[in-house]
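Undergrad:
Residue numbers (the numbering used here): 11 to 168.
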């Protein structure tokens, strides 16, 4: 008894394209969920451990972008104001820096998490937490997120 193919090659290609779209959506959803958790964590670091907002620019420059095959498909940066007015925009600077870094990821997926102000490293070097604890949180959160994603993909009706 031989197996006979009854559908067209285009039907097969469409099926695999739809499967790929569903997998891509699951990956994006999982990365966005992780990104939201991490950005909320970074923005909520208490001033005693982190820093006090003067202009709000440093905290506004904290955010992430998700990149797929060189294209940014999601970002999250939010304006934070401080007691001192500033002509700079932390959001614009943070996004610009994240977009600059995203250009280096032409294949696959990447989540780029930044504190875009040029003085973020100087704040960290004084023992203040801008993104250091968030990096550790990301390293702890990524393996379970990947396991969850794999389980979701396995459960898909392909």
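Beta carbons: idealized from backbone N, C-alpha and C, even for Gly. These numbers were taken from a predicted model, which means no experiment stands behind them.
1) Are residue 55 and residue 139 touching if we call contact CB-CB under 8 angstroms?
2) Closest to residue 117 by C-alpha separation, out of 80, 168, 101 and 148, would be which residue?
3) Name the two residues that bound the continuous alpha helix (DSSP H) containing residue 34.
4) For residue 110 and residue 50, I'd like the C-alpha separation in whole angstroms.
5) For the beta strand (DSSP E) holding residue 73, just list the boundary residues, first then last.
6) What are the partner residues of residue 85, as DSSP defines its beta bridges?
7) Identify every residue that forms a DSSP beta bridge with residue 122.
8) What's the C-alpha gap between residue 38 and residue 75?
9) For residue 108, collect the residues of the same chain with a Cβ closer than 6 angstroms to its Cβ; drop the 5 residues on either side in sequence, then sort them by chain order.
10) By Cβ distance, which residues of its chain are closer than 8 angstroms to residue 68, with the 5 residues on each side in sequence left out?
11) If we ignore side chains and look at the alpha-carbon of each, how far apart do residue 31 and residue 88 end up?
12) Could you pull out every residue in the same chain whose Cβ sits closer than 8 angstroms to the Cβ of residue 158, ignoring the five residues on either side in sequence?
TA: From the atom records:
1) yes
2) 80
3) 19 to 53
4) 23 angstroms
5) 72 to 78
6) 75
7) 75
8) The alpha-carbon separation between residue 38 and residue 75 amounts to approximately 11 angstroms.
9) 75, 122 and 124
10) 61, 100, 125, 127, 129, 130, 133 and 140
11) 29 angstroms
12) These residues qualify, in order along the chain: 40.
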